[in-house]
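>
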């Protein structure tokens, strides 16, 4: 993600601003970054009004992509959180790489985790992959096609805007409206 680092940071910070400005801003956010060197919880269940902006110091793309391990650990971290009454979980995976370094989890174990959280706990799982190969991983990991999208690294703002709109529909129990639209897919660079 080094080649789109600044655009990712800017798009994420705009996304935070939209969450904060929303009339329904009773939202908490957790942000985890990962690579084969570490997995870091940058922001942990912080009210969006108090969430710090993402910086270059906090977002440092490097190394390999232990995608399965990162998802498995983030699911476990979310499971351990104390949710407020009626609080919903929108679990987003954004990657520009294919799995190439996991040692704890497999595609099957992650699929079981994500399908279980969607079916048993009502989580929304969004999977965003930067190219065909990374995007294809989403379906094999249990993400639903309606909330999975391939994006162009040059279209981070459009990608985050689509994610925000999908999460907003999910938060309002408009599950049929949470699917990414054809227009959003085009705007994010999906052909």
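Residue numbers (this note's numbering): 118 to 308.
From the three backbone atoms N, C-alpha and C, an ideal C-beta is built for every residue, glycine too.
1. Have a look at 279, 287 and 288 and flag the residue whose alpha-carbon is nearest the alpha-carbon of residue 306.
2. If you follow the beta strand (DSSP E) that residue 207 is part of, which residue opens it and which one closes it?
3. Between which two residues does the alpha helix (DSSP H) containing residue 189 stretch?
4. Starting from the Cα of residue 252, find the closest Cα among 270, 235, 229 and 237 and give me that residue.
5. Do you know offhand how far residue 259's Cα is from residue 198's?
6. For residue 287, which residues in the same chain have their Cβ closer than 8 Å to its Cβ, ignoring the five residues on either side in sequence?
7. Quick one: what's residue 246 bridged to in DSSP?
8. Note down, in chain order, each residue of its chain lying with its Cβ closer than 6 Å to the Cβ of residue 180, except the 5 sequence neighbours on either side.
9. With C-beta atoms as the reference, is residue 107 less than 9 Å away from residue 161?
10. According to the neighbour-count rule (16 or more other Cβ atoms, all chains shown, within 10 Å of its Cβ), is residue 184 buried or exposed?
11. Which residues does DSSP list as the beta-bridge partners of residue 149?
12. Just checking, does the segment 170–178 make contact with the segment 189–197 on the three C-beta pairs under 8 Å criterion?
13. Does DSSP classify residue 293 as helix, strand or coil?
14. Since residue 130 is in the alpha helix (DSSP H), which residue starts that stretch and which ends it?
15. Is residue 306 near the ligand GDP, judged by its Cβ being under 8 Å from some heavy atom?
16. Exposed or buried, what is residue 120 when buried is set at 16 or more other beta-carbons lying within 10 Å of its beta-carbon?
Reading it off the structure:
1. 279
2. 207–212
3. 184–197
4. Out of 270, 235, 229 and 237, the CA that lies nearest to the CA of residue 252 is found in 270.
5. About 22 Å.
6. Only 205, 207, 241 and 295 meet the Cβ criterion.
7. 212 and 267
8. 152, 153 and 154
9. There is simply no residue 107 to check, as the chain begins at 118 and stops at 308 in what is shown.
10. buried
11. 158
12. no
13. helix
14. 122–138
15. Ligands in the displayed structure: none, and consequently the ligand GDP is not present.
16. exposed
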